[in-house]
Amino acid sequence: MKSKYINFKNTKNYEELKAAADAIKQGKLVLFPTETVYGIGANALDKEAVKKIYTAKGRASDNPLIAHISNIEMLEQLAIEIGEVEKKLIKNFWPGPLTIIFKKTPIVPDIITGGLDTVAIRMPSNEIAHKLIEYSNCPIAAPSANISGKPSGTQIEDIIEELDGKVEYIIDTGKVDIGVESTVIRVVNNTVHILRPGKITPEDIEKLGISVHIEKQILRRIQRRGKSNVSRNKIQALCSNNKKHFSIL
Ligand code: AMP
Ligand code: MG
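This note's numbering puts the first residue of the sequence shown at 85, with every later residue one more than the last.
What follows is the structure, given as structure tokens:
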């Protein structure tokens, strides 16, 4: 089977996007752009559909997925205990490349969360991603579009060989804007814990007056990538706080 290809590079035919949304509603997979990287999406509330993502990517079933939403009602459908710090982060960084971990509601299938009682949620700012979620009328679970272990796809040319035929639709808008994954965080005792470094930096969060904690191994990744301006001293100071909280993540 070849995937159906929608070329959104020059034209914006929203009827075709609606057809892709219908595929999501029918439990099929759609490869679509976000502002960070391309994603392989499925209806986040349909466990059979989500299973297909793991198969397509060869992803370990205990590696949880991010649920992508387009409005706050969807957040309330998926998450409980949305605290003041989370609200501040949402106000400042959504829609955008920040993924926040929340306690999940019972409707979130275990397959997305790898059996955890938490769920990762993000509201993308990319217009096509936003419209695809709106037309599908459900949150879309989507990991980066790549075979596990390979770099995340930032343009269709780099991933089409691996993924053609594994998804119903491929939506091509050209190279994505950011090209770096979303930052994944969890708030514990009013402190933001960085679980995966990404486009939003620790400094971006600290500017809001929120304290940030980074595990050493994550810090090394940030430094290796050279994507952050955090100084070495600052990093060591951030590392020394609140170690105990990581036991619950
Ligand atoms: P990807 O799907 O490739 O963008 O990766 C998603 C990232 O979010 C992975 O690093 C996951 O481990 C992380 N993640 C997703 N859900 C959770 C969760 N409930 N708790 C902690 N990390 C999560
Ligand atoms: Mg990935």
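We treat Cβ as the ideally placed atom computed from N, Cα and C, and that holds for glycine. As the structure is a computational prediction, the values presented were derived from the model and not from experiment.
Would the C-beta of E265 count as close to the ligand AMP, meaning under 7 Å from any of its heavy atoms? yes
Quick check: the Cα distance between I298 and E99, rounded to an integer number of angstroms? 44 Å
I need the DSSP call for P117, collapsed to helix, strand or coil. strand
Cutting at 7 Å between CB atoms, please list the residues of its own chain near K187, excluding the five before and the five after it. A163, I164, E165, D201 and T202
Excluding the five sequence neighbours on either side, which residues of its own chain have a C-beta within less than 8 Å of the C-beta of I212, listed in chain order? F92, L101, F116, P117, I255 and T257
Rank K86, P181, R206 and K171 by C-alpha distance to the C-alpha of I294 and give the top, closest one. K171
Among the candidates E265, Y219, R308 and T183, whose CA atom is the shortest distance from the CA of A378? Absent from the model: residue 378. The displayed extent of the chain is 85 to 333, so no value can be given.
Check whether the Cβ of S145 sits closer than 7 Å to any heavy atom of the ligand MG, and report yes or no. no
Under the three-state reduction of DSSP, which class applies to S232: helix, strand or coil? coil
Where F186 sits in the DSSP three-state scheme: Three-state DSSP puts F186 in a strand.
Bounding residues of the alpha helix (DSSP H) (the contiguous stretch that carries A107): Y98 to K109
What span of residues does the beta strand (DSSP E) with A126 cover, start to end? Counting along the chain, the beta strand (DSSP E) containing A126 begins and ends at Y122 to N127.
Check whether the Cβ atoms of R143 and P227 sit closer than 8 Å, and answer yes or no. yes
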